[in-house]
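Asks:
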Amino acid sequence: MKYPFVSVVVGIRNEEKFIEECIESLLNLDYQKDSYEIIIVDGMSTDKTRDIVQKYPVKLLLNKKKNVAAARNLGVENARGELVAFTDGDCKVDPQWLKTLVHEMQASPDDVVCFGGPNLIFDTDPVFGRVVGYAQESFLGSGGSAQSKNSTKKHYVISLPNCNAMYKKAAIKEVGGFDERFVVGQDGDLNYRIGKKGNKFLYIPNAQVLHHRRGTPKSFSVRMFKYGMWMAELFKKHGEFVRWYAFLPSIAVLSAVILLIASIKYSTSGLLLLALVTVYFILVFITSIQVTYKMKSKYGLFALFIIPVQHVAYGLGFLYSFTNSPLISKVRSCSDI
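According to the UniProt record's numbering, the residues represented by the sequence shown are 1 to 337, in order.
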């Protein structure tokens with residue numbers, strides 16, 4: 001095969017725990033060594049991240065704006081290649097990752113401008129993080145979106161997460177790059193604008209990236225609140241971008257409150273609320289069994305707690321955004337994500 005030059009961009013901040021593993025996986029790619037470069041864009045880390053990065057033969061750039069969107073724009077601006085691949089500092093790429101993406105690009109029509117694959121879970125990660133990862137591969141956890149559902153079949157999708165994606169650089173430049181106002185969802189926003197130009201995105205199951213899952217119940221709840229908040233901002237910007245089921249957690253929160261208030265006066269409302277809650281938890285229980293099966297561990301039953309917390313936090317964040325827009329306030333740093 002031919003080896004076109006590819007620029008691999010990794011936006012980071014305070015990744016001292018994982019960045020070494022990430023860089024070494026990129027340096028050990030099964031790809032012609034003079035046909036790709038590694039660009040690490042650091043968001044002014046306050047730990048030992050930069051000291052670690054400087055030990056390796058990679059290009060290091062400083063991102064004073066700190067957020068991920070700005071890091072990726074800076075990487076694209078300094079990229080030598082006409083192809084730009086993205087991954088994250090807490091990821092480990094498969095040795096065949098880049099070769100697989102490029103091979104599919106060479107075999108695809110010109111209107112396919114982005115290629116990516118699954119966002120896999122480290123079996124060595126803490127139990128809570130692994131349960132979250134597997135739960136978010138389910139329909140209840142993510143709506144079965146391409147961002148989380150790790151399909152085993154190659155197919156076109158409407159978006160690809162930038163922990164595992166390669167673009168034709170011209171497609172990014174044509175739409176003006178990443179919107180740096182977005183702390184979360186900047187890749188979805190970019191992909192929406194690229195897709196509106198008539199371009200396509202190809203999911204490739206063999207282009208694999210392992211992604212560390214971290215967090216605690218508290219940090220997970222905060223993160224889900226922010227995801228809901230910024231998904232609402234994407235809806236405000238694009239309207240039809242947000243799929244119908246993104247509204248369900250918010251509708252559920254409002255409905256539960258209304259039914260709870262009504263049930264105080266009307267017994268039928270209380271019965272309806274009980275019926276809906278029962279159906280919901282049956283679905284959550286079924287999902288937790290699926291997670292348990294995938295994990296091959298009884299800890300998968302933690303999904304009984306994780307999924308409701310995710311839905312409530314996401315729904316509250318979505319609703320909060322309509323009264324307190326994050327886009328009119330100062331953009332938070334990567335460390336706040």
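Where a beta carbon is used, it is the ideal one built from N, C-alpha and C, also for glycine.
Could you give the DSSP three-state label for I158: helix, strand or coil?
Replies: coil
Asks: Can you give me the Cβ contacts of I52 inside the same chain, cut-off strictly under 7 Å, excluding the 5 residues immediately before and after it?
Replies: Cβ neighbours of I52 beyond the five flanking positions: E16, I19 and E20.
Asks: For Q32, collect the residues of the same chain with a Cβ closer than 8 Å to its Cβ; drop the 5 residues on either side in sequence, then sort them by chain order.
Replies: Y3
Asks: Does the beta-carbon of V293 have 16 or more other beta-carbons within 10 angstroms, so that it is buried, or is it exposed?
Replies: Val is not the amino acid found at residue 293; the sequence shown has Tyr there. By the neighbour-count rule (16 or more Cβ atoms within 10 Å), Y293 is not buried but exposed.
Asks: If you scan the segment 26 to 86 from start to end, which runs of the beta strand (DSSP E) of 3 or more residues do you find wholly inside it?
Replies: List check, beta strand (DSSP E) in window: 36 to 42 and 59 to 62.
Asks: Between the Cα of L27 and the Cα atoms of V291, L98, A313 and N14, which residue gives the shortest distance?
Replies: The option with the nearest alpha carbon to L27 is L98.
Asks: Is any beta-carbon of chain D found at less than 8 Å from that of L61?
Replies: Chain labels in this structure do not include chain D; a single protein chain is all it has.
Asks: Which of the three DSSP states, helix, strand or coil, is assigned to S335?
Replies: With a pLDDT of 40 at S335, under the threshold of 50, the modelled position of that residue is not reliable, and the figure given next carries that caveat. If DSSP states are grouped into helix, strand and coil, S335 belongs with the helices.
Asks: Could you check which residue in S151, V277, T216 and K48 has the C-alpha nearest to that of A207?
Replies: When S151, V277, T216 and K48 are compared, the shortest CA-CA separation from A207 is found for S151.
Asks: How big is the Cα-Cα spacing for K209 and S25?
Replies: The sequence given here places Val at residue 209; Lys does not occur at that position. Between V209 and S25, the C-alpha separation is close to 10 Å.
Asks: Spatial neighbours of G11 within its chain, please: C-beta separation below 6 Å, excluding the five flanking residues on both sides.
Replies: V41, V68, A71 and R72
Asks: For the segment 284 to 293 against the segment 105 to 120, do three or more pairs of beta-carbon atoms, one drawn from each stretch, fall closer than 8 Å, so that the two count as touching?
Replies: no
Asks: Is F201 near L190, with beta carbons less than 8 Å apart?
Replies: Here F201 is not near L190, since their CB atoms are 8 Å or more apart.
Asks: Compute the distance between the beta-carbons of E37 and V8, then report whether it is under 8 Å.
Replies: yes
Asks: Indicate whether N14 and T46 have their beta-carbon atoms separated by less than 8 Å.
Replies: yes
Asks: Could you have a look at K7 and say whether DSSP puts it in helix, strand or coil?
Replies: One point to set straight first is that residue 7 is Ser, not Lys, in the sequence displayed. In this structure, S7 counts as strand in the three-state DSSP scheme.
Asks: Assuming I204 contacts T100 (C-beta within less than 8 Å), just tell me the rounded distance between them.
Replies: 6 Å
Asks: Beta carbon of K131, beta carbon of V291: below 8 Å?
Replies: Checking the displayed sequence, the identity of residue 131 turns out to be Val instead of Lys. Taking 8 Å as the Cβ cut-off, V131 and V291 qualify as a contacting pair.
Asks: If you reduce the DSSP assignment to three classes, tell me which class V112 lands in.
Replies: Strand, per DSSP.
Asks: Within the segment 179 to 234, note down every full beta strand (DSSP E) run reaching 3 residues or more, in order along the chain.
Replies: 200 to 203 and 209 to 211
Asks: Give the DSSP-derived three-state secondary structure of K2 in the structure shown.
Replies: coil
Asks: If you reduce the DSSP assignment to three classes, tell me which class C91 lands in.
Replies: strand
Asks: Do V175 and the ligand FAD come close, with the Cβ less than 7 Å from some heavy atom?
Replies: Judged by which ligands are present, the structure shown has none, so any question about the ligand FAD falls away.
Asks: If distances are taken between C-alpha atoms only, which option among G239, A232 and Y314 comes closest to R193?
Replies: G239
Asks: Give me the Cα-Cα distance between Q186 and P308, rounded to the nearest whole angstrom.
Replies: 25 Å
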